[in-house]
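Below is one structure; the comments refer to it alone.
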Amino acid sequence: MKLAGQIIPGEQPQRTYLVWLHGFLGSAYDWQATRNAFTRWPQLYLDLPGHGASQGITTQGFAEFFTQLTHTLAERNITRYWLIGYSLGGRLAMYTACQRPAGLEGIIVEGGNPGLADQTSRLQRIEADQRWALRFISEPLDKVLDAWYRQPVFASLSDTVRAQLIQERAGNKPDALASVLDNLSLGRQPWLGDALAALPVPFHYLCGARDQKFQAIARALGAPSHLIEHAGHNAHRENPAAYCQCVIDILTHYSEEQP
């Protein structure tokens with residue numbers, strides 16, 4: 001089934017497409033503050049399964065998402081593309097890249113986890129995500145969203161930004177969120193570290209300078225990594241100007257036609 005999304009043709013349509021994958025609870029709208037920086041490129045802003053205009057689309061796991069994404073790109077005749085993903089979207093971008101699809105020219109991941117290396121950690125994460133899933137379907141959504149954004153990984157969010165995020169996420173369907181949390185749990189994701197190290201395409205990793213957890217992940221991966229100053233886990237939201245400049249620098253480095 002084709003995922004919902006918005007295409008922006010771009011001023012230079014011969015350039016490679018940028019395909020944007022948002023994080024859990026988000027939608028294509030999450031990139032609103034950054035999209036004007038990339039008008040030279042044709043772009044596709046996707047709504048992931050269970051989110052935005054794709055709320056009615058379910059996915060049973062990473063393999064099915066890969067099929068859904070491949071079908072979506074083919075339906076839209078996108079044959080050359082970079083994947084740019086945040087958090088859950090970054091995990092999906094890494095998984096997709098490890099399948100080595102035709103047409104993929106590189107990935108840029110912001111705060112995405114390549115997986116858990118041992119079975120015990122994976123089982124513990126599945127259980128934790130299932131507890132969150134139960135909360136989403138059994139408690140008031142605004143209460144669960146507030147608790148979600150008070151997790152340590154989001155500690156750098158100001159009260160204002162946290163309130164904005166909760167308001168923006170209020171239109172989500174709890175049952176769809178619960179399904180995504182379970183089926184795309186980090187605990188169900190394969191360990192991708194070794195496959196990422198052998199990718200035939202560029203792989204760059206971004207994280208906020210205040211995001212100690214994902215800085216450690218970046219160091220362990222050994223991929224080219226970039227710190228976004230004055231930002232935590234949600235770097236593209238907390239410092240969009242620095243985020244955009246970093247991504248543009250990466251893309252133009254690999255572009256045959258410099259701007």
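For the record, in the sequence shown the residue sitting at position 30 is 30 according to full-length UniProt numbering, with numbers rising by one throughout.
The beta carbon of each residue, even a glycine, is placed where N, CA and C say it ideally should be.
Values in this document were obtained by computation on a predicted structure and should not be read as measured data.
- Alpha-carbon to alpha-carbon, L88 and L25: Each residue's CA atom was taken as its position, placing L25 and L88 some 9 Å apart.
- Item | beta strand (DSSP E) runs contained entirely in the region 41-122, provided each spans 3 or more residues | The region 41-122 contains these whole beta strand (DSSP E) runs: 43-46, 81-86 and 104-110.
- Excluding the five sequence neighbours on either side, which residues of its own chain have a C-beta within less than 6 Å of the C-beta of E37, listed in chain order? The amino acid occupying residue 37 in the given sequence is Ala; Glu does not appear at that position. Counting only residues of its own chain and dropping the five nearest sequence neighbours on each side, A37 has a CB closer than 6 Å to the CB of C244.
- Is E110 buried or exposed, if buried means 16 or more other CB atoms sit within 10 Å of its CB? Buried.
- Taking the DSSP output, what are the residues bridged to V19? Its beta-bridge partners are L44 and L83.
- Task: Report yes if the CB atom of residue 330 is closer than 7 Å to the CB atom of L83, and no otherwise.
- Result: Past the edges of the chain, shown from 1 to 259, lies residue 330, and the structure says nothing about it.
- Who are the near neighbours of I126 in its chain, counting only those whose CB is closer than 6 Å to its CB and skipping five residues on each side? So the list reads S185 and G187, once near-sequence residues are dropped.
- Can you pull the DSSP bridge partners for I8? In DSSP, I8 forms a bridge with Q43.
- Can you check whether the CB of Y45 is closer than 7 Å to the CB of Q12? No. Outside cutoff.
- Query: How many whole angstroms separate the CB atoms of F203 and A97, which I take to be in contact at a CB cut-off of 8 Å?
  - Reply: About 7 Å separates the two Cβ atoms, so the contact holds.
- Item | Burial state of T16 (16 or more Cβ within 10 Å) | Buried.
- Message: Quick check: the Cα distance between D30 and E238, rounded to an integer number of angstroms?
- Response: Cα-Cα distance, rounded: 12 Å.
- Message: Can you tell me whether T72 is buried or exposed? The criterion is at least 16 other CB atoms within 10 Å of its CB, across all chains shown.
- Response: Buried: at least 16 other Cβ atoms inside 10 Å.
- Query: Can you name, in chain order, every residue of its own chain whose Cβ lies under 6 Å from the Cβ of Q215, other than the five neighbours on each side?
  - Reply: Excluding positions up to five away in sequence, the list reads C207.
- Item | Strand pairing of I171, partner residues [DSSP] | The question names Ile, yet the displayed sequence has Gly at residue 171. G171 is not bridged to any residue.
- Item | H22 burial status per 10 Å Cβ neighbour count (16 or more: buried) | Of the residues assessed, H22 falls on the buried side of the cut-off, its CB having 16 or more other CB atoms within 10 angstroms.
- Cβ neighbours of W191 in the same chain (closer than 8 Å, five flanking residues each side left out): Spatial neighbours of W191 in its own chain (CB-CB distance under 8 Å, excluding positions within 5 residues in sequence) are listed in chain order as P114, G115, L116 and A117.
- Message: On a Cα-Cα basis, can you pick out the residue from A218, A223, V247 and D211 that is closest to A231?
- Response: Considering only A218, A223, V247 and D211, the residue with the shortest C-alpha distance to A231 is D211.
- Item | 6 Å Cβ shell around L227 - same chain, five flanking residues per side excluded | Correct list, in chain order: A209.
- Query: Using CA coordinates, which residue listed in L165, Q189 and A93 is at the minimum distance from L69?
  - Reply: For the residues L165, Q189 and A93, the minimum Cα distance to L69 belongs to A93.
- Nonlocal neighbours in the same chain, by C-beta distance under 6 Å from I8, ignoring five residues either side: Setting aside the 5 residues that flank it on each side, I8 is surrounded in the same chain by Q43, each with a C-beta closer than 6 Å to its C-beta; the list follows chain order.
- Based on the DSSP secondary-structure assignment, which residues constitute the bridge partners of Y205? Its beta-bridge partners are V109 and S225.
- Distance, L221 Cα to L199 Cα: It is roughly 12 Å from the alpha-carbon of L199 to the alpha-carbon of L221.
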